[in-house]
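A.B. asks:
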Amino acid sequence: MKNTYFLLEEPGRFHLVEEELAVKPGHLLVRLRRCGVCTGELMDWYVARKVPYTPGHEIVGDVIRAPSDSPFNEGDTVFVHHHAPCMECDYCMRGEYTSCPVWRSSRIYPGGLSRYILVPPEIYNVDTFVVPSDVSLDDAALIEPLGCSVKAIRKAQITSLDDVAVIGLGFMGLLNAKLASLYARSVVGFDLLENRRRICLDGWGCDEAYHPDEYDASRRFQVVIVGPPFEEAIRFALRIADRGSRVVLFAPLPPGQHVSFEIFGLYFNEISIIPSYSAGPDDTRMALRYIQSGRVRPSLLITHRFPFDRTPEAYRTAHNNPDAIKVMIDIEP
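Residue 36 is where the sequence shown starts when you use this note's numbering, and the numbers rise one by one after that.
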């Protein structure tokens, strides 16, 4: 069968590919309906390490062909994670799913910016599931990023005694703020852009919101979630972290880039630095429950929508337009 997909050849440069797709035995064939533009795939240094490849992993689609021993039927609308753990190794037994070798090696083919994808059994048996009828296609496509926020909030161990700071109020920061607000005493957001601060105050979790340069750091926080992948954001997070606090790193710096800080103060103030990378199958299922309950509706943050053939424009918009919170690509109506 014919397949059409976008190949990213270098940051910002896409090439449209049409080729015959050979359906491998034992694989699930899915026709994609939606693909969100992930903020992580807007980091030029990150994609430069992976090119050429087909980006896209915030996806939902319909099963076209299913192996007879799979749990799916033709016509099922499914959420598909782009990685899944083996559930058997020591990492999985400890719940460290993203450290599992199978998680790190498993993948969909060719990627989310495609008409069709193949899903191997190690993924569809562990972190693929039928989308309930009360969940929209847009929300289903955003289960994966919401799962990443679920994991970060879980690792932060937020309680009703915690004041939480969320640094960076883009799409992921707004999800982090919303989830944190369900458990924290208060949530304060920080962003350079006024429109993002305004959105967070308007129903997305923030009790207060500030430009970092306008905050005097007199108030400290028991949990700080830092999203922007910049040294300045991490330094600001450590500056506003209280004694006994948890600082969650939600995004990486480029390889080889370092942040220096004094261990003395970190140690005696018992400040924990906690990385949170991607999400596991428990997190995606919890994300689905948040959506179904109505407590978090990530689709409400979609600001821009493009048809599949305008995918390069969608990525330019997400990369360059400060008003873009979440960009969604309609692969099929």
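Quick reminder that beta carbons are idealized off the backbone N, C-alpha and C, glycines included.
As the structure is a prediction and not an experimental result, all values here were calculated from the model.
For the putative contact between L181 and A322, defined by C-beta atoms under 8 Å, what is the C-beta separation to the nearest angstrom?
C.D. replies: Here residue 181 is taken as the residue at index 146 of the sequence shown, counted from 1. Here residue 322 is taken as the residue at index 287 of the sequence shown, counted from 1. Indeed they touch by this definition, with Cβ atoms about 4 Å apart.
A.B. asks: If we require 4 or more residues per run, which alpha helix (DSSP H) segments fall completely within the stretch 195-238?
C.D. replies: 206-216, 229-236
A.B. asks: Give the C-beta separation of G130 and G203 to the nearest angstrom, bearing in mind that I take them to be a contact with Cβ-Cβ under 8 Å.
C.D. replies: In the sequence shown, the residue the question calls residue 130 occupies position 95. In the sequence shown, the residue the question calls residue 203 occupies position 168. G130 to G203, Cβ: 26 Å. No contact.
A.B. asks: Cβ of I193 within 8 Å of Cβ of V258?
C.D. replies: The count along the sequence shown starts at 1 and reaches residue 193 at position 158. The count along the sequence shown starts at 1 and reaches residue 258 at position 223. The answer is yes: Cβ separation under 8 Å.
A.B. asks: Taking 8 Å as the cut-off, does the stretch 64-71 touch the stretch 82-95 (at least 3 CB pairs, one atom from each stretch)?
C.D. replies: When Cβ pairs closer than 8 Å are counted between the two stretches, the stretch 82-95 is seen to touch the stretch 64-71, the count reaching three or more.
A.B. asks: Taking 8 Å as the threshold (C-beta atoms), are D162 and A212 in contact?
C.D. replies: Here the question's residue 212 lines up with position 177 in the sequence shown. Here the question's residue 162 lines up with position 127 in the sequence shown. No, they are not a contact pair.
A.B. asks: Only counting runs of 4 or more residues, tell me where the alpha helix (DSSP H) segments fall wholly within the stretch 126-171, in order along the chain.
C.D. replies: 136-140, 156-159
A.B. asks: In whole angstroms, what is the alpha-carbon distance linking A191 and I143?
C.D. replies: Taking the first residue of the sequence shown as 1, we reach residue 191 at position 156. Taking the first residue of the sequence shown as 1, we reach residue 143 at position 108. Those two C-alpha atoms are separated by around 30 Å.
A.B. asks: With a cut-off of 8 Å on the beta carbons, I'd call P347 and F114 a contact; round off their distance for me.
C.D. replies: If you number the sequence shown from 1, residue 347 lands on position 312. If you number the sequence shown from 1, residue 114 lands on position 79. With a Cβ gap of about 26 Å, P347 and F114 do not count as contacting.
A.B. asks: Are the Cβ atoms of A353 and I260 separated by less than 8 Å?
C.D. replies: For the purposes of this step, residue 353 is taken as residue 318 along the sequence shown, with counting starting at 1. For the purposes of this step, residue 260 is taken as residue 225 along the sequence shown, with counting starting at 1. For A353 and I260, no; Cβs fall outside 8 Å.
A.B. asks: Express the C-alpha separation of P264 and L183 in angstroms, rounding to a whole number.
C.D. replies: Stepping through the sequence shown from its first residue, residue 183 is reached at position 148. Stepping through the sequence shown from its first residue, residue 264 is reached at position 229. Before going on, a small fix: residue 183 reads as Cys here, not Leu. Their backbone Cα atoms lie some 16 Å apart in a straight line.
A.B. asks: For the beta strand (DSSP E) containing M321, name the first residue and the last one.
C.D. replies: Taking the sequence shown and counting its residues from 1, the one referred to as residue 321 is at position 286. Counting along the chain, M321 falls outside any beta strand (DSSP E), though it belongs to the alpha helix (DSSP H) covering 316-328.
A.B. asks: From the DSSP output, which residues share a beta bridge with K186?
C.D. replies: As a first step, residue 186 is located in the sequence shown; it is residue number 151 there, counting from the start. DSSP lists no partner for K186.
A.B. asks: Quick one: give me the first and last residue of the beta strand (DSSP E) that P342 is part of.
C.D. replies: Taking the sequence shown and counting its residues from 1, the one referred to as residue 342 is at position 307. Segment 337-342, the beta strand (DSSP E) holding P342.
A.B. asks: Are T89 and L148 closer than 8 Å when you measure CB to CB?
C.D. replies: Position 54 of the sequence shown, counting from 1, holds the residue named residue 89. Position 113 of the sequence shown, counting from 1, holds the residue named residue 148. Yes; because the gap between Cβ atoms is below 8 Å, this pair is in contact.
A.B. asks: I need the straight-line Cα distance from S328 to A268, nearest angstrom please.
C.D. replies: As a working mapping, residue 328 is identified with position 293 in the sequence shown. As a working mapping, residue 268 is identified with position 233 in the sequence shown. Approximately 33 Å, taken between the alpha carbons.
A.B. asks: Look up R332 in the DSSP assignment and say whether it is helix, strand or coil.
C.D. replies: In the sequence shown, counting from the first residue as 1, residue 332 sits at position 297. Looking at R332 - three-state DSSP - the assignment turns out to be coil, as it is neither helix nor strand.
A.B. asks: So, helix, strand or coil for F49, using DSSP?
C.D. replies: Locating residue 49 in the sequence shown gives position 14, counting from the first residue. Three-state result, F49: strand.
A.B. asks: How far does the beta strand (DSSP E) with T74 in it extend, from its first residue to its last?
C.D. replies: The sequence position of residue 74 within the sequence shown is 39, counting from 1. Taken as a continuous stretch (DSSP letters only), T74 belongs to no beta strand (DSSP E), as it is neither H nor E.
A.B. asks: L56 and V154: beta carbons closer than 8 Å?
C.D. replies: Taking the first residue of the sequence shown as position 1, residue 56 is located at position 21. Taking the first residue of the sequence shown as position 1, residue 154 is located at position 119. Taking 8 Å as the Cβ cut-off, L56 and V154 do not qualify as a contacting pair.
A.B. asks: Tell me whether the beta-carbon of I306 lies closer than 8 Å to the beta-carbon of S280.
C.D. replies: Here residue 306 refers to the residue found at position 271 of the sequence shown. Here residue 280 refers to the residue found at position 245 of the sequence shown. When the beta-carbon positions are compared, I306 and S280 come within less than 8 Å of each other.
A.B. asks: Can you find the residues in the same chain that come closer than 6 Å, C-beta to C-beta, to S134, ignoring five residues on each side of it along the sequence?
C.D. replies: Reading the sequence shown from its first residue, position 99 is the one you call residue 134. Leaving aside the five residues that flank S134 on each side, the residues in its chain whose CB is nearer than 6 Å to its CB run, in chain order, Y126.
A.B. asks: Buried or exposed: D173, going by 16 or more other Cβ atoms within 10 Å of its Cβ?
C.D. replies: Against the sequence shown, residue 173 aligns to sequence position 138. Buried, because 16 or more other Cβ atoms sit within 10 Å of the Cβ of D173.
A.B. asks: Which residue from E157, P60, D251, L210 puts its Cα closest to that of W239?
C.D. replies: Taking the sequence shown and counting its residues from 1, one reaches residue 239 at position 204. Cα-wise, what sits closest to W239 is L210.
A.B. asks: Which of the three DSSP states is assigned to E305 in this structure?
C.D. replies: To locate residue 305, count along the sequence shown from 1; it is residue 270. DSSP places E305 in coil when its eight states are reduced to three.
A.B. asks: In chain order, what residues of the same chain have a beta carbon less than 6 Å from the beta carbon of Y312, not counting five sequence neighbours either side?
C.D. replies: Here residue 312 corresponds to residue number 277 of the sequence shown, with the count starting at 1. Excluding positions up to five away in sequence, the list reads T133.
A.B. asks: Going by other Cβ atoms of all chains shown within 10 Å of its Cβ, with 16 needed for buried, is I360 buried or exposed?
C.D. replies: One-based indexing of the sequence shown puts residue 360 at position 325. Buried: at least 16 other Cβ atoms inside 10 Å.
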